Amino acid sequence: MLTVSGVDVAYGRSQVLFDVSLEIPDRSLVCVMGRNGVGKTTLLHALMGLLPCSSGRVNFDGTDITGWRPERRVKAGIGYVPQGHEVFGQLTVWENLQVAWEVSAAAKASAIDEALDLFPRLRPLLKRRAGFLSGGQQQQLAIARALVGQPRLLLLDEPTEGIQPSIILEIEEAIVGLHRDGLSILLVEQYLDFAIRLADRYVVLDAGEVARAGPASELAEASVRQLLSV
Ligand SMILES: Nc1ncnc2c1ncn2[C@@H]1O[C@H](COP(=O)(O)OP(=O)(O)OP(=O)(O)O)[C@@H](O)[C@H]1O
Ligand SMILES: [Mg+2]
14 MLTVSGVDVA YGRSQVLFDV SLEIPDRSLV CVMGRNGVGK TTLLHALMGL
64 LPCSSGRVNF DGTDITGWRP ERRVKAGIGY VPQGHEVFGQ LTVWENLQVA
114 WEVSAAAKAS AIDEALDLFP RLRPLLKRRA GFLSGGQQQQ LAIARALVGQ
164 PRLLLLDEPT EGIQPSIILE IEEAIVGLHR DGLSILLVEQ YLDFAIRLAD
214 RYVVLDAGEV ARAGPASELA EASVRQLLSV
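Here it is, written out as structure tokens:
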């Protein structure tokens with residue numbers, strides 16, 4: 014579904030990603046892990062076209078999308094949930110979803126309803142301004158908003174960060190359900206137990222390079238834990 018080959022990314026003269034290659038097979042859930050500041054968010058920004066790659070290629074579903082603008086990637090079927098549950102705070106919950114529906118012209122009329130089915134907690138809050146929701150509710154809204162576009166690949170940047178445990182469980186259930194239904198998922202996650210429960214495969218970044226990758230069964234190994242410990 015997604016193939017990243019030899020990607021370098023820099024902020025001005027400061028290079029942050031070095032020769033990163035990874036693969037998200039169709040219908041799989043791949044966890045990208047690594048300590049703070051190793052380049053996980055930078056990688057997702059590059060995959061969404063929010064940052065250019067100074068070398069390397071990104072291939073989505075058989076098409077080279079390396080030079081594509083973010084909107085074109087969204088329309089092609091890549092959904093993105095940024096780090097820090099970024100929602101449109103001045104808009105209501107309903108308007109947040111409506112905007113996403115309008116942007117992704119291809120989404121069917123029931124797309125908003127289906128996204129809300131996944132997070133029933135949001136239904137009574139549709140008229141509330143998103144800025145007044147709790148962090149956990151905002152995270153659910155950010156995921157629902159990405160799903161309204163009916164993506165084939167979903168990129169999630171630390172959806173459990175700073176979220177209370179009961180909502181983490183709801184988010185986990187939602188991700189498990191999406192995975193079961195065949196969505197391909199790249200999940201950035203630092204919470205190892207969450208990754209062990211959800212992932213098929215993992216990639217650990219360290220100082221902007223792929224330090225290790227493999228099947229999720231390896232995540233319990235001490236050598237992997239060591240790459241993630243601070
Ligand atoms: N806009 C920017 N300009 C310059 N350097 C940046 C910028 N954004 C991030 N960096 C640097 O790039 C490196 C990788 O940052 P990034 O946000 O990708 O890490 P991360 O793995 O997502 O970290 P975290 O786990 O804290 O979210 C860090 O050293 C960071 O300081
Ligand atoms: Mg990050």
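Per the working numbering, the very first residue in the sequence shown carries number 14; after that it's consecutive. All C-beta atoms, glycine included, are put in the ideal place defined by N, C-alpha and C. Here the structure is a predicted model, which is why all the values come from computation and not from measurement.
- Remark: C-beta atoms of residue 212 and residue 187 do not approach each other more closely than 9 Å.
- Counting along the chain, residue 20 sits inside the beta strand (DSSP E) bounded by residues 15 to 24.
- Bridge pairing for residue 170: 201 [DSSP].
- For residue 54, the shortest C-beta to heavy atom distance toward ligand 1 is below 8 Å.
- With respect to the C-alpha of residue 124, the residue from 24, 160, 60 having the closest C-alpha is 160.
- In this structure, residue 96 has its beta carbon less than 8 Å from a heavy atom of ligand 2.
- At least one heavy atom of ligand 2 sits closer than 8 Å to the Cβ of residue 201.
- Judged by pairs of C-beta atoms under 8 Å, the segment 96 to 114 touches the segment 127 to 143, as three or more such pairs exist.
- Of the residues 240, 79, 117, the one whose Cα lies closest to the Cα of residue 205 is 240.
- C-alpha of residue 143 to C-alpha of residue 173: approximately 18 Å in a straight line.
- By the Cβ neighbour-count rule, residue 86 is buried, with 16 or more other Cβ atoms within 10 Å of its own.
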